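Each residue of the sequence shown is one higher than the one before, starting from 1 at the first, in the UniProt record's numbering. Ideal placement from N, C-alpha and C gives every residue a C-beta, glycine not left out. This structure is a prediction, so every number in the text was calculated from the model and none was measured. All remarks here apply to the structure that follows.
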Amino acid sequence: FSNHRVMRWCEGDKEGEIVVGENGSGIQLNQLNWPTGLSFDDEENLYVADAGNHRIQKFIIDLN
Numbered sequence: 001f002s003n004h005r006v007m008r009w010c011e012g013d014k015e016g017e018i019v020v021g022e023n024g025s026g027i028q029l030n031q032l033n034w035p036t037g038l039s040f041d042d043e044e045n046l047y048v049a050d051a052g053n054h055r056i057q058k059f060i061i062d063l064n
């Protein structure tokens with residue numbers, strides 16, 4: 001809670017991995033401020049609802 005980041009856990013992993021937002025809360029493009037939702041498009045781009053900054057951010061990430 002209140003870590004301002006998106007993480008993922010792969011089956012069998014003991015710890016999660018930070019996908020986006022590993023630079024703390026803020027307004028920069030590599031920061032989030034209260035992410036509240038996420039979605040992927042058909043090309044596997046990640047969209048994050050960044051509520052505290054009143055924006056939706058698009059991230060191109062490697063899911064492998």
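(request) Have a look at Glu11, Arg5, Asn3, Val20 and flag the residue whose alpha-carbon is nearest the alpha-carbon of Asp62. (result) Comparing Cα-Cα distances from Asp62 to each of Glu11, Arg5, Asn3, Val20, the minimum goes to Val20.
(request) Return the residue from the list Asp41, Phe40, Glu43, Thr36 that minimises the CA-CA distance to Arg5. (result) The shortest Cα separation from Arg5 among Asp41, Phe40, Glu43, Thr36 belongs to Thr36.
(message) As a quick exercise: from Ile60, Gly26, Asp13, pick the residue whose alpha carbon is nearest that of Gly52.
(response) Closest by alpha carbon: Gly26.
(message) Please list the terminal residues of the continuous beta strand (DSSP E) segment that includes Gly37.
(response) Residues 35-40.
(message) Assuming Ile61 is part of the beta strand (DSSP E), what are its boundary residues?
(response) No beta strand (DSSP E) contains Ile61, which DSSP labels as neither H nor E.
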